[in-house]
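>
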Amino acid sequence: MNLNELKLQYQGFHPSDYTQDYIESVMDGLYKESPHGSIVQAFFSRQSHIFKGRIRIDSARGHFFAVASGSHVKEVTNRLVQQIRRQLDKWEKSRLQRKSLRSLSLEEMAS
Numbered sequence: 800m801n802l803n804e805l806k807l808q809y810q811g812f813h814p815s816d817y818t819q820d821y822i823e824s825v826m827d828g829l830y831k832e833s834p835h836g837s838i839v840q841a842f843f844s845r846q847s848h849i850f851k852g853r854i855r856i857d858s859a860r861g862h863f864f865a866v867a868s869g870s871h872v873k874e875v876t877n878r879l880v881q882q883i884r885r886q887l888d889k890w891e892k893s894r895l896q897r898k899s900l901r902s903l904s905l906e907e908m909a910s
């Protein structure tokens, strides 16, 4: 993945190497599930004992956005991923449905 396609930012804390590797791995997985040419941006902040996060995926095919908060950054990451995956699944199903409808229309026109 190109560095321009994945942007991670942290505010108010410095993640451990383990945590950063985990987040990067999860974001890489989301990038691979995203529409071609997507840009994935993730922002994590900590205020007192609360972590907040947001993920934004922008592409020509759609825009996806999630926000979550919790007492552990891994918990927040998992909530964000769950939200984004639901949106990506919905996008993928509608994309496949449109492809199927186009195929039907082309078959009807050919007959």
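Under our numbering, think of the first position of the sequence shown as 800, with each following residue one higher.
The C-beta atom is built at its ideal place from N, Cα and C for all residues, glycine as well.
Treat the numbers as computed from the prediction; the structure is a model and nothing was measured.
With distances taken between CB atoms, is the gap from S837 to Y830 smaller than 8 Å?
Taking the first residue of the sequence shown as position 1, residue 837 is located at position 38. Taking the first residue of the sequence shown as position 1, residue 830 is located at position 31. Their beta carbons are under 8 Å apart, which means S837 touches Y830 by this criterion.
> If you measure between the beta carbons of A865 and I849, is that distance less than 8 Å?
As a first step, residue 865 is located in the sequence shown; it is residue number 66 there, counting from the start. As a first step, residue 849 is located in the sequence shown; it is residue number 50 there, counting from the start. Contact flag unset, no.
> Note down the Cα distance separating V872 from I822, rounded to an integer number of angstroms.
In the sequence shown, residue 872 corresponds to position 73, counting from 1. In the sequence shown, residue 822 corresponds to position 23, counting from 1. Their backbone Cα atoms lie some 9 Å apart in a straight line.
> Under the three-state reduction of DSSP, which class applies to G869: helix, strand or coil?
Translated into positions along the sequence shown, residue 869 becomes position 70. The answer is strand: DSSP assigns G869 an E or B state.
> For R894, which residues of its own chain have a beta-carbon under 8 Å away from its beta-carbon, when the five flanking residues on both sides are left out?
Position 95 of the sequence shown, counted from the start, is the residue given in the question as residue 894. Closer than 8 Å at Cβ, skipping near neighbours: R860.
> Which full runs of the alpha helix (DSSP H) of 4+ residues lie inside the segment 804–842, going along the chain?
As far as the segment 804–842 is concerned, its whole alpha helix (DSSP H) runs of at least 4 residues are 816–832.
> So is G852 buried or exposed if we call it buried at 16+ other beta carbons inside 10 Å?
Position 53 of the sequence shown, counted from the start, is the residue given in the question as residue 852. Flag for G852 reads buried.
> Going by the DSSP bridge assignment, what does S858 pair with across the sheet?
By 1-based counting over the sequence shown, the position of residue 858 is 59. Its beta-bridge partners are G861.
> Which one or two residues does DSSP pair with K851 in a beta bridge?
Position 52 of the sequence shown holds residue 851. Beta-bridge pairing links K851 to S844, S868.
> F843 and V875 look like a contact to me (Cβ under 8 Å); what is the Cβ gap, rounded to whole Å?
Numbered from its first residue, the sequence shown carries residue 843 at position 44. Numbered from its first residue, the sequence shown carries residue 875 at position 76. Right, their Cβ atoms sit about 7 Å apart.
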